[in-house]
Every structure is written in C-alpha cells, then in structure tokens.
Amino acid sequence: MKDSDFVKLSFGRCLNQTDIIGRFYQIFLDSHPDIRPMFANTNFEVQKGLLRQGINLALMFADDNPVGKSGLARIRESHGKKNLNIRPELYSYWKRSFMQAISECDNEYSPEIRAHWDRILQKAIDYIISGYDEQA
225 MKDSDFVKLS FGRCLNQTDI IGRFYQIFLD SHPDIRPMFA NTNFEVQKGL LRQGINLALM
285 FADDNPVGKS GLARIRESHG KKNLNIRPEL YSYWKRSFMQ AISECDNEYS PEIRAHWDRI
345 LQKAIDYIIS GYDEQA
C-alpha cells in the first residue's frame, strides 16, 4: 500500500469517530500567537470544509494526480505573500497541530501511521511554501 492509502484509512477513521477538524483548530489556534488573529473573521463551518478538501487535495497530490496538483496550486497562490501572506515558518505549527489531532483521534494511530501522514503532509507543505514569494 502507498502512503496515501494508509492516510486515507486513518483520516476516514478520524472523520467517522471524532470531530478531527474541530480538534485540529482547537490545537492550531493556540499553537502560535500570530495564528488566532489570522482567523478572527473566519466562518469555521466553511473553514472546516476547506481544510477537509485541502487534505484530500494533498492525498491526490502525493499520488501525482493532476487534480491534486491543480488544487494545491490554488492554495499555494492564495496563501502566498501577495494574498493571505501565510509565512512559511507557520506551516510547522499547522503540521504539528494536525499531527497531534490525528494522534488523538485515530484509534489505530501508530508510529507507522505517523510516518505516512508526515510524508503526505510534508510534500504538500513543501509545494505550497515554494510558491510563497511568487507573483500572483
């Protein structure tokens, strides 16, 4: 099985058993003093759906699916310096928060599952960060 297969199963367990996305935002918003203000005017019901879609795009991107790459390219542009200006150093807080939420919400979580998630998320993060300074 590929990394994405393990991650899909893990994410499915989390979605079926818990509010993984809500738990992630509880952790993430308190992970760095600059993060909570960035979400001051956010509709979290919409945001939760966007994050879920983003995880699915990361899974497709990991499998070299062109839809995944196209979707992450939009995120890369929207999160870049010329738009939302999500500084590259903040992605480590995002990833750490998401990994903590997965560890709490997946009842089959293990070091192996963590490694699969790590590779999937890091590939997507590296791609998004690589576009930070690009012109819109």
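Numbering (my numbering), first residue to last: 225 to 360.
By construction, the Cβ of each residue, glycine as well, lies at the ideal position given by its N, Cα and C atoms.
All values derive from a computational prediction rather than experimental measurement.
Legend entry - Residue of A286, R300 and Y249 minimising C-alpha distance to D357: Translated into positions along the sequence shown, residue 357 becomes position 133. Nearest C-alpha to D357 among A286, R300 and Y249: R300.
Legend entry - Status (buried if at least 16 other CB within 10 Å, exposed otherwise) for V231: Locating residue 231 in the sequence shown gives position 7, counting from the first residue. When all chains shown are included, V231 counts as buried.
Legend entry - Local Cβ density within 10 Å of D287, reported as buried at 16 or more and exposed below that: Residue mapping note: residue 287 aligns to position 63 of the sequence shown, counting from 1. By the beta-carbon neighbour count (other beta carbons within 10 angstroms, threshold 16), D287 is exposed.
Inset, instruction - Please name the residue, chosen from I353, S228 and G246, that lies closest to F285 on a Cα-to-Cα basis. - result: Looking up residue 285 in the sequence shown gives position 61. Closest by alpha carbon: S228.
Legend entry - Short Cβ contact (8 Å threshold) for F263 with S321: As a working mapping, residue 263 is identified with position 39 in the sequence shown. As a working mapping, residue 321 is identified with position 97 in the sequence shown. No, the pair does not count as a contact, with Cβ atoms beyond the cut-off.
Inset, instruction - Could you check what DSSP says for R320 in three-state terms: helix, strand or coil? - result: Counting from one through the sequence shown, the residue named residue 320 turns up at place 96. R320: helix per DSSP, three-state reduction.
Inset, instruction - Under 8 Å Cβ to Cβ from I412, same chain only, skipping five residues before and after it: list those, please. - result: Residue numbering for the chain in the displayed model covers 225 to 360; residue 412 lies beyond these limits and cannot be assessed.
Inset, instruction - Consult DSSP for L308 and reduce its assignment to one of helix, strand or coil. - result: On the sequence shown, residue 308 is found 84 positions in, with the first residue counted as 1. L308 carries a coil assignment under DSSP once its states are collapsed to helix, strand and coil.
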